[in-house]
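For reference, the structure discussed in these notes is given below.
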Amino acid sequence: MAHRIGARVAGLSPAQLCAIIEAQAGASAAALRVAEEHAARLVQQPEWVLSEVLLSPDLAPHILAQLPTEAHAVKGTCRAWRHGWKETLKKRERPRLASGAGLNRLYWV
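Mapping of the sequence shown onto numbering that gives the first Met the number 0: residues 0 to 108, in sequence order.
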């Protein structure tokens, strides 16, 4: 059975549609993730965002430094990100103190 939601919301204004999306995205982390994925796929970014921010050799390392060391897939995105990943990996790999039931030792993250 096909959903009739398309027909029901076809006459809504952009502001009304945005209000519905924001309300649903705020319902859970999973709903927000789905909304973000759709927005990233459907909303085209201006060229300057790509050329002057995401591919910038000065900014890419700062963007990538926020990612956990396990997020290796990002280094396959492009050359600028591969270089930025290598440049920031050592700074992100640092010893941290593990604590808990009888644990008090350093481990690498």
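All C-beta atoms in this analysis are idealised placements derived from N, C-alpha and C, irrespective of residue type, glycine included.
In whole angstroms, give me the CA-to-CA distance for residue i and residue j.
i: G5; j: A30; result: 19 angstroms
i: V52; j: P13; result: 29 angstroms
i: S27; j: A34; result: 11 angstroms
Along the chain, where does the alpha helix (DSSP H) containing residue i start, and where does it finish?
i: P56; result: Where P56 is concerned, there is no enclosing alpha helix (DSSP H), given that its DSSP letter is neither H nor E.
i: C77; result: Per DSSP, C77 belongs to no alpha helix (DSSP H) and is neither H nor E.
i: A26; result: Run containing A26: none; DSSP gives neither H nor E here.
i: R7; result: I4 to V8
Per DSSP, what kind of secondary structure is residue i in: helix, strand or coil?
i: R40; result: helix
i: P13; result: helix
i: L88; result: helix
Rounded C-beta distance between residue i and residue j? I'm assuming under 8 angstroms.
i: P60; j: G83; result: 4 angstroms
i: T64; j: T87; result: The amino acid occupying residue 64 in the given sequence is Ala; Thr does not appear at that position. Confirmed, about 4 angstroms.
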